[in-house]
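Q: In our numbering, the protein residues as written are 3 to 312. Note that CB positions come from ideal geometry on N, CA and C, so glycine has one too.
If you want it as structure tokens, here you go:
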């Protein structure tokens, strides 16, 4: 059954071939037979979080035109059914389909998604809230060149989830907890370029539960080969990184999540922009880099090493 809904094509009890045909129909209706899409982004998300996740992907699609397939895995019991809402335009940089699976077909979600992948273009899978134990072995994750998780978004056990994802790491995996560190890592690297001094120890202060802070500790330990202490603060997020040198500490502190203070030996303190970024910016950054992140791979190993030797 096909109906129209708020400019979208609504399909009930449908098939992958019917969804593909709806993409063609939506393009023709929009007057854009060729959308210039560069990838397929699969979003595996619970029903309650689907609207928010699709809104994030919509913003990211302005920079990365893509075929975005939101996949909601419902109750796996009973007769299988597939419903979908398909469209283009309306603020999207490419095409979009929100696909709800129920019943036995939930176990074979990849059979629905595979025919909908853009040919000869990369595939990315993003789990906004609840990643599988082994993303690369997940049936949908196995379709992708890149797999994006977010340990900070799970309901409970965020740090444990980060450790589990590090243990299950496979080339192509990444986590938005790592992406949140991009500006911090750039500032810290620049600080050591300005002060080429040997660091003897370091510390990271952050709110009590922060997968990003644990990854930053591991990164500093891996790069500097010095002890790195983890301190708890009121947040938000990471609030301070200190690197001790023979001439005094190099410190970047941020108490409000927006503006940081850069302190270094023999120089006056100066403000540095260090705003916490939203999910659309984080997702867009990851979609720019579709090759394996060698640095993240090394950090996952270091975090596991530090966890084992605590």
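Distance, Cα to Cα, residue 8 vs residue 123?
A: In this predicted model, residue 8 has a pLDDT of only 46, less than 50, meaning its place in the structure is not dependable; the value taken from the coordinates is given anyway. Computed Cα separation, rounded: 30 Å.
Q: CA-CA distance, residue 210 and residue 238?
A: Near 10 Å, if we compare the C-alpha coordinates of residue 238 and residue 210.
Q: Should residue 246 and residue 304 be called a contact, given that it needs their Cβ atoms to be closer than 7 Å?
A: Not closer than 7 Å, so no.
Q: So what's residue 259 in DSSP terms, helix, strand or just coil?
A: Coil, per DSSP.
Q: What residue range does the beta strand (DSSP E) around residue 273 cover?
A: Segment 269 to 275, the beta strand (DSSP E) holding residue 273.
Q: Ordered along the chain, which non-local residues of its own chain (more than five positions away) have a Cβ less than 6 Å from that of residue 81?
A: Cβ neighbours of residue 81 beyond the five flanking positions: 105.
Q: Considering residue 180, what are the terminal residues of the alpha helix (DSSP H) in which it resides?
A: Counting along the chain, the alpha helix (DSSP H) containing residue 180 begins and ends at 178 to 181.
Q: Going by DSSP, what residues sit across from residue 149 in a beta bridge?
A: 127, 175, per the DSSP bridge assignment.
Q: Helix, strand or coil for residue 164? Go by DSSP, reduced to three states.
A: In this structure, residue 164 counts as helix in the three-state DSSP scheme.
Q: What residues match up with residue 207 in a beta bridge as DSSP calls it?
A: Beta-bridge pairing links residue 207 to 233, 242.
Q: Kindly indicate the opening and closing residues of the beta strand (DSSP E) around residue 17.
A: Segment: none, residue 17 is in no beta strand (DSSP E) and carries neither H nor E.
Q: Enumerate in chain order the residues of its own chain whose CB-to-CB distance from residue 228 is below 7 Å, with the five nearest sequence positions on each side excluded.
A: Taken in chain order, the residues that qualify are 201, 202, 203, 204.
Q: Give the DSSP bridge partners of residue 72, in chain order.
A: BP columns for residue 72 point to 45, 100.
Q: Closer than 8 Å is the cut-off here; do at least three beta carbon pairs connect the region 255 to 275 with the region 211 to 221?
A: No: the two stretches stay apart, fewer than three of their Cβ pairs being nearer than 8 Å.
Q: Pick from 249, 65, 275: whose alpha carbon is nearest that of residue 267?
A: It is 249.
Q: So, are the CB atoms of residue 46 and residue 142 less than 7 Å apart?
A: Contact flag set, yes.
Q: Using CA atoms only, rank isn't needed, just tell me which of 20, 24, 21, 74 is closest to residue 44.
A: Nearest C-alpha to residue 44: 74.
Q: Out of 65, 52, 66, which has the shortest C-alpha to C-alpha gap to residue 100?
A: It is 52.
Q: Using alpha carbons as the reference points, say which of 78, 278, 164, 121 lies closest to residue 134.
A: Taking only the C-alpha atoms, the option nearest residue 134 is 164.
Q: Please report the Cβ distance between residue 284 and residue 178, rounded to the nearest whole angstrom; I am assuming they are in contact, meaning their Cβ atoms lie under 8 Å.
A: Indeed, because the Cβ distance is near 5 Å, the residues count as touching under 8 Å.
Q: What residues match up with residue 201 in a beta bridge as DSSP calls it?
A: Paired residue(s): 247.
Q: Which residue from 184, 21, 65, 107 puts its Cα closest to that of residue 298?
A: For residue 298, the nearest C-alpha among the options comes from 184.
Q: Quick one: is residue 212 buried, meaning 16 or more other Cβ sit within 10 Å of its Cβ, or exposed?
A: Residue 212 is buried by the Cβ-count criterion.
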